[in-house]
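4 protein chains.
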Amino acid sequence: MKNKKLNKKIPVGILGATGMVGQKFVELLIDHPWFEIVALMASEKSVGKKYKEAVKMWQGSEPMPFHVADIKVRECKPNFDCKIVFSALDAGPAEEFEEKFARAGYSVVSNARIHRMDSNVPLLVPEINPDHLELIKAQPYKGSIVTNPNCSTIGLVIALKPLLDNFGIEKVNVVTLQALSGAGYPGVASLDIVDNVIPFISGEEDKVENEPQKIFGSYVNKKIKYNDISISAQCNRVGVRHGHLECVNLKLKQRVREKDIIQAWRRFSSEPQKLDLPLASKHPIYYFEDDCLPQPKYQRDIDKGMAVSIGRLQRKHIFDYKFVVLSHNLIRGAAGGAILNAELMAEKGYL
Amino acid sequence: MKNKKLNKKIPVGILGATGMVGQKFVELLIDHPWFEIVALMASEKSVGKKYKEAVKMWQGSEPMPFHVADIKVRECKPNFDCKIVFSALDAGPAEEFEEKFARAGYSVVSNARIHRMDSNVPLLVPEINPDHLELIKAQPYKGSIVTNPNCSTIGLVIALKPLLDNFGIEKVNVVTLQALSGAGYPGVASLDIVDNVIPFISGEEDKVENEPQKIFGSYVNKKIKYNDISISAQCNRVGVRHGHLECVNLKLKQRVREKDIIQAWRRFSSEPQKLDLPLASKHPIYYFEDDCLPQPKYQRDIDKGMAVSIGRLQRKHIFDYKFVVLSHNLIRGAAGGAILNAELMAEKGYL
Amino acid sequence: MKNKKLNKKIPVGILGATGMVGQKFVELLIDHPWFEIVALMASEKSVGKKYKEAVKMWQGSEPMPFHVADIKVRECKPNFDCKIVFSALDAGPAEEFEEKFARAGYSVVSNARIHRMDSNVPLLVPEINPDHLELIKAQPYKGSIVTNPNCSTIGLVIALKPLLDNFGIEKVNVVTLQALSGAGYPGVASLDIVDNVIPFISGEEDKVENEPQKIFGSYVNKKIKYNDISISAQCNRVGVRHGHLECVNLKLKQRVREKDIIQAWRRFSSEPQKLDLPLASKHPIYYFEDDCLPQPKYQRDIDKGMAVSIGRLQRKHIFDYKFVVLSHNLIRGAAGGAILNAELMAEKGYL
Amino acid sequence: MKNKKLNKKIPVGILGATGMVGQKFVELLIDHPWFEIVALMASEKSVGKKYKEAVKMWQGSEPMPFHVADIKVRECKPNFDCKIVFSALDAGPAEEFEEKFARAGYSVVSNARIHRMDSNVPLLVPEINPDHLELIKAQPYKGSIVTNPNCSTIGLVIALKPLLDNFGIEKVNVVTLQALSGAGYPGVASLDIVDNVIPFISGEEDKVENEPQKIFGSYVNKKIKYNDISISAQCNRVGVRHGHLECVNLKLKQRVREKDIIQAWRRFSSEPQKLDLPLASKHPIYYFEDDCLPQPKYQRDIDKGMAVSIGRLQRKHIFDYKFVVLSHNLIRGAAGGAILNAELMAEKGYL
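Residue numbers (numbering that gives the first Met the number 0), protein chains in the order written: chain A, 0 to 350; chain B, 0 to 350; chain C, 0 to 350; chain D, 0 to 350.
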């Protein structure tokens, strides 16, 4: 529970602490009621520097707190006392380091894509598939690896979950308008995006099309049986700092009224809300009646950036519906999502 | 033909000459081989001023030419000697003035939406339905009214035309990322779009969903029989100056290979190319193999802004295809499209 | 003092509550420890609507609180029970209404420019000239009028104050890079600023050049004797949402070392800090050693947007220094500055 | 002269042909009446690829012409038949390669900074110091090295030249608002500039402060005697694609009327205009009366991007004047400036 006091906070480390997602981990963990940062790890060129010197441009809205600023950045080695290691590593280093930490007994809660589709690794969204955590019992590590979905997948799957449960979904088409911070730093060159949009993000469409089938899968016989939901995605980069907007078009298995769908979204509440996890949004989903909402600038930060905002639901033909969904890619779609996973693990005794 | 010399250029006027589309008409007509600007008309607050004073910010890439700069802006009255009147009026004034000019004997070539769906008014795209021009014979005017489609419709219908003809189309889903100039000037407030996108453009989705059925309709018994193509649209505004990008997802009536589709696009050529009209693009459609193209910044100006650029064709499931299409909203989607219509009318003897 | 509990909060109203500055007043007053919103006033087209309906796009980072959302917008009439009226009116309506309220006994704390240079009206910056409040004793109103400086003046004068006091200033040249929200809403058209900057803001240079002389003036014989500081300004609009950046170049009356100047800034503290006013920044000025700071995106929100950030101090020639200063135009430069004025008035017994 | 036909075009090569400036060289040379591209050179990772494959994103407004697209990129070696080598190299490789080419007999016309301040290398602006070309006679190379100024220096010195000649200049303060393309590609990260400006460009202020003294120097006794003009600069990066805007404040040696200054600018014409060089702007300087001009978006392309635009001249105090100047950083400030240098050299017999 949010107000639950632990006798002693759980020590955590961050792999890849200097990048965009790494910084967001730091920002969200600074005042965390359960977790306490004890180690910041990054690539060679940062090792040995104070965190404030290793970070090129601190992205937090408040100045970097002193006790974090002076932490010396360590190399990515499992040689310190700590329970959870959050990973904000890119795919390459993630492949190199995450298993090392898991084998050494750490709970690796990763935002990297590399192990997401591994058969014994949960692709965890606490609002959707908390039972997938069971998978880690079969992992060959002394510790464990748990992943969260890609930043463009998360808004979609949370929006779809109540529809899947209540009405059944036949197929989904989604077109994304993704924010710059999704590409990390330095990421997208300014000359590529000022007065422009880019209709391509390498590897992104595959993730949006394939991750939901695992996320919506059922845990049966110690395995995930993939859901057969069919998704097609087109991914675009737009000149927005944070917040992925997605235009969704789908075919439900039954004909329903718009208001039934809106009610399903508004009533949706799940494990993190029930357990009152510290970073859980009050409501997983907010639906806006105003025609021109949601917008990245105005809705991305709702409930500390952990909520998903939906609007513009319209029925086009029988069974065909369209709507717009927005989520904060760096928070709900990356660092915040991973922390929520760790909170669920802590509460459920998986650490 | 492009090089055809007329003994005397055809005098033309522009209604709504000071706005974004009006200025683009002026820019494109300045050196036009067939047409010559003789009258610039605008709303009361501009009447009597020199054009250079009535225009707040000249958008042309070259300085405004002297002979145009000094033209005195007239009121919207059909009282001068001229053959064609291009209309860049908003819907309200268009409703008030266009019919007056048509009744007075002028050929009104309009970019306004107000008469587009009138049963006796051609919704003309010279590459698609040049025969619809026949409709004007049944118009109750001494002159005539001809319209071009909405700026978000035009790229889509040109991209669809070769597919419709060659393979048949069952249904289409389109998500637009539309440029700022589509909203006119001052149009979108900067605070609404810096670090933001807006998932709503008033009235736009209806136009994209309904205009194609008329454009693709067949001229039978002096009427347009609407095509039954089914389209669903979601329209977004993004922080791009010019160039509407559209993510299209469609179901063809038959299974074809990607390369057949690309070939259909590349081979597509039509009336404006055959007649070698002055503003006709060399090819109506360019297909780009590069994964990250087309982009507004880099492809919107191809063939003087009159070509449509396509890329990222992918087959998703049997019969389902997706691709991205781009066109210049102010040129191909407004002033340039209207001028091409007038060129067709001139060449075909409809003036 | 910040934690001082009033037995009963002071009721306040807001004139022009629906615009950019008006909304910022609302946002900053929602949880104010001393003040309580009792009236929201706006122009005719908003009167009678609920505040949430009258506001086109709520700019607050949190959703609009319910108790404010449902307040019915009133007309600008001094006919309700309240002590302070904050004015976010444009110059025109400010001229019409502010004196009416002052005559009716209200303390009008205005962000409008119209009365700033009136001889009996304080142009108040609590860190600089708290004694100017004495002027209101000579005002012919039952209530009073107090103003704060233009949003491009405030950062400059706070940066200059410690230099003026410690070293003397001969002359100042300032070039501003001003944010979009300084122009209100809808304000700057997106087509004017995407891929562009505008080297002109109507009336702005005059304000920056003339207001400091009054602000730095001395209160002598119940009048303000203007300071003779000489300032030249060039004002530019840039595509930033909030935060005015200013490049300052000045000649001091004596030669000093850079570190003396930095020390003067860092040590600067004044009345609002001494009185611990609720909206006072902890430090009025923050100096950054990092070459590329301050930047609007990263420093505008420091100390709730009330602090001024300075960087890049360089000595060019003997007596000539240059530096960069940043302040939040909507907070420190408008609503926040006015509220700080009211807090000073409350604490000093001027209400 | 522009129309002068050479019997045979002069073969030219481009060093660093794939970057922003290199591409601009290519674009401007494609249809050049005197020069013909025979070699495109770049770093190792591009060598051997066709130019169209080596270039990540072609920045030209027209598609890359076929005969250039298929040129194979060579390594930077002086082993081919050609007269002039344009250098768009960064400082590092420029230091490595430019002298090699000069020693091998090529005329190296460079945009790189590395040799600009060398005592025997002209820092050439054909409108200002064509006689500095004499310096190359004293160069120890079989060929030669000629440089053009930094992209933020060029607009300033052209604006100052007529004032220096007519009225004398005591000192100058300049604040720049520089475009993104000045930093090359990928250059400025989008997250650093969306909703932001950066008050720092590494090394830039030094260049603006020091290059003019050489440019305005006099060629005496086979050496450049530096001018003693005193300049102070503050350099900012803004979210504009192309076009550096500069706010200038200066003290003239004599009191003059604004209209005398404007006349001096408008009458200014120099060697490139006299010789009618192909890339010479019709007028080196355009002065705009409109308060809100010049703006990057609207004036940067005047006279093919080779003209300098000025506006907002104001007299502040006796002898003190301020104005705004704009020039295209990639054209006038880089590739175009270098080509104009080469044209001057060709016309004057320095090749």
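Note that CB positions come from ideal geometry on N, CA and C, so glycine has one too.
Taking all protein chains shown into account, do 16 or more other C-beta atoms lie within 10 angstroms of the C-beta of A/P139, making it buried, or fewer, making it exposed?
Counting from 1 along the first sequence, the entry for residue 139 of chain A is found at position 140. It counts as exposed.
Between which residues of its own chain and A/S268 is the CB-CB distance below 8 Å, once the five residues before and five after are set aside?
Numbered from its first residue, the first sequence carries residue 268 of chain A at position 269. H282, P283, listed in sequence order.
Taking C-beta pairs closer than 8 Å, name the residues in chain A that B/I197 reaches, listed in chain order.
On the second sequence, residue 197 of chain B is found 198 positions in, with the first residue counted as 1. The contacting residues are C291, Q294.
Measuring straight from C-alpha to C-alpha, what distance separates C/P293 and B/R73?
By 1-based counting over the third sequence, the position of residue 293 of chain C is 294. By 1-based counting over the second sequence, the position of residue 73 of chain B is 74. So the two alpha carbons sit approximately 51 Å from each other.
List the residues of chain D that A/D130 touches, going by C-beta distances under 8 Å, in chain order.
On the first sequence, position 131 is the one that residue 130 of chain A refers to. The contacting residues do not exist; A/D130 stays about 37 Å from chain D at best.
Which same chain residues end up closer than 7 Å to A/V67 when comparing Cβ atoms and leaving out the 5 residues on each side of it in sequence?
As a working note, residue 67 of chain A is residue 68 in the first sequence. Here the set comprises V25, I29, I36, Y50.
Based on Cα-Cα distance, which residue from A/A279, A/D69, A/G202 lies nearest to A/G47?
Locating residue 47 of chain A in the first sequence gives position 48, counting from the first residue. Out of A/A279, A/D69, A/G202, A/D69 has the C-alpha closest to the C-alpha of A/G47.
Could you work out which residues of chain A lie near B/I238, taking near to mean beta carbons separated by less than 7 Å?
As a first step, residue 238 of chain B must be located in the second sequence, where it is residue number 239. In the sequence as presented, Ile is not what sits at residue 238 of chain B; that position holds Gly. Within chain A, the residues near B/G238 are G238.
For D/A103, which residues of its own chain have a beta-carbon under 6 Å away from its beta-carbon, when the five flanking residues on both sides are left out?
By one-based count along the fourth sequence, residue 103 of chain D stands at place 104. Excluding positions up to five away in sequence, the list reads P77.
Using a threshold of 8 Å, state whether the C-beta atoms of B/F100 and B/V107 are closer than that.
The residue labelled residue 100 of chain B in the question sits at position 101 within the second sequence. The residue labelled residue 107 of chain B in the question sits at position 108 within the second sequence. In this structure, B/V107 lies closer than 8 Å to B/F100 by Cβ.
So, with DSSP's three-state summary, where would you put B/P10?
On the second sequence, position 11 is the one that residue 10 of chain B refers to. Correct three-state label for B/P10: strand.
Using the C-alpha atoms, what's the distance from A/L276 back to A/P129?
Locating residue 129 of chain A in the first sequence gives position 130, counting from the first residue. Locating residue 276 of chain A in the first sequence gives position 277, counting from the first residue. Straight-line Cα distance between these residues: approximately 13 Å.
Quick check on B/Y286: does DSSP put it in helix, strand or coil?
Translated into positions along the second sequence, residue 286 of chain B becomes position 287. Strand, per DSSP.
Answer with yes or no whether the minimum CB distance from A/P351 to chain C is below 8 Å.
The first residue shown for chain A is 0 and the last is 350, placing residue 351 of chain A beyond what the model contains.
How about C/Q311 and C/Y320: do their beta carbons lie closer than 8 Å?
Taking the first residue of the third sequence as position 1, residue 311 of chain C is located at position 312. Taking the first residue of the third sequence as position 1, residue 320 of chain C is located at position 321. Per the sequence shown, residue 311 of chain C should be read as Arg rather than Gln. No; because the gap between Cβ atoms is not below 8 Å, this pair is not in contact.
I want to see whether chain C comes within less than 8 Å of A/D194, judged by CB atoms only; does it?
Here residue 194 of chain A is taken as the residue at index 195 of the first sequence, counted from 1. A/D194 counts as touching chain C.
What is the DSSP secondary structure of A/V20, counted as helix, strand or coil?
What you label residue 20 of chain A is simply residue 21 of the first sequence in a count that begins at 1. Here A/V20 sits in helix by DSSP.
According to DSSP, is A/A232 helix, strand or coil?
Position 233 of the first sequence, counting from 1, holds the residue named residue 232 of chain A. Strand, per DSSP.
Is there a C-beta anywhere in chain B that falls below 8 Å from the one on A/S326?
Mapped onto the first sequence, residue 326 of chain A falls at position 327. Taking Cβ atoms only, chain B never reaches closer than 8 Å to A/S326, which makes this a no.
Looking at the structure shown, is A/C75 part of a helix, part of a strand, or coil, going by DSSP?
In the first sequence, residue 75 of chain A corresponds to position 76, counting from 1. Residue state, collapsed to three classes: coil.
Jot down the residue ranges of each uninterrupted alpha helix (DSSP H) in the region 156–200 of chain C, minimum 4 residues, whole runs only, in chain order.
Counting only runs of 4 or more, we get 189–192.
Could you please tell me which residues of the region 238–256 of chain B, in chain order, have their CB closer than 8 Å to any CB of chain A?
If the cut-off is 8 Å between Cβ atoms, the region 238–256 of chain B has G238, V239, R240, L244, C246, N248 near chain A.
Using a Cβ-Cβ cut-off of less than 7 Å, give me the residues of the region 132–156 of chain C that come near chain D, in sequence order.
Listed by position along the chain: nothing, the set is empty.
Roughly how many angstroms lie between the CA atoms of D/N344 and D/V171, to the nearest whole one?
The residue you call residue 344 of chain D lines up with position 345 of the fourth sequence. The residue you call residue 171 of chain D lines up with position 172 of the fourth sequence. As written in the sequence, residue 344 of chain D is Met, which differs from the Asn given in the question. Cα to Cα, the separation comes out at about 31 Å.
Could you work out which residues of chain A lie near B/D319, taking near to mean beta carbons separated by less than 8 Å?
Position 320 of the second sequence, counted from the start, is the residue given in the question as residue 319 of chain B. Here the neighbours are S231.
Could you have a look at C/G216 and say whether DSSP puts it in helix, strand or coil?
Position 217 of the third sequence, counting from 1, holds the residue named residue 216 of chain C. DSSP places C/G216 in coil when its eight states are reduced to three.
What is the residue span of the beta strand (DSSP E) that B/M344 lies within?
If you number the second sequence from 1, residue 344 of chain B lands on position 345. That residue, B/M344, is in no beta strand (DSSP E); its alpha helix (DSSP H) goes 335–347.
Less than 8 Å between the CB atoms is what I'm expecting for D/L123 and D/N340, so what's the real figure, rounded?
Here residue 123 of chain D corresponds to residue number 124 of the fourth sequence, with the count starting at 1. Here residue 340 of chain D corresponds to residue number 341 of the fourth sequence, with the count starting at 1. Contact flag correct, Cβ pair sits at about 5 Å.
Under 7 Å between beta-carbons, which chain C residues line up against B/A306? List them in chain order, please.
Taking the first residue of the second sequence as position 1, residue 306 of chain B is located at position 307. Residues of chain C passing the Cβ test: none, with the nearest at roughly 22 Å.
Counting only runs that start and end within the region 77–104 of chain C, where is the alpha helix (DSSP H) found for 4 or more residues in a row?
The qualifying runs are 90–102.
One question on the structure: do D/D80 and D/P10 come within less than 8 Å of each other, judged by their Cβ atoms?
Taking the first residue of the fourth sequence as position 1, residue 80 of chain D is located at position 81. Taking the first residue of the fourth sequence as position 1, residue 10 of chain D is located at position 11. Yes, these two residues count as a Cβ contact at 8 Å.
Does DSSP classify B/Q272 as helix, strand or coil?
On the second sequence, position 273 is the one that residue 272 of chain B refers to. Note: B/Q272 maps to helix in three-state DSSP.
If you draw a straight line from the C-alpha of A/D227 to the C-alpha of A/Q212, how long is it?
Taking the first sequence and counting its residues from 1, one reaches residue 227 of chain A at position 228. Taking the first sequence and counting its residues from 1, one reaches residue 212 of chain A at position 213. So the alpha carbons of these two residues sit roughly 6 Å apart.
Mind listing the chain C neighbours of B/Y184? Cutoff is C-beta to C-beta under 7 Å, in chain order.
As a first step, residue 184 of chain B is located in the second sequence; it is residue number 185 there, counting from the start. The answer, in chain order, is A188, L190.
If you measure from the beta carbon of A/S180 to each beta carbon in chain D, is any gap under 8 Å?
Your numbering for residue 180 of chain A matches position 181 in the first sequence. So, interface residue.
Taking its Cβ as the centre, do 16 or more other Cβ atoms sit within 10 Å of D/I317, making it buried, or is it exposed?
Reading the fourth sequence from its first residue, position 318 is the one you call residue 317 of chain D. Exposed is the call here.
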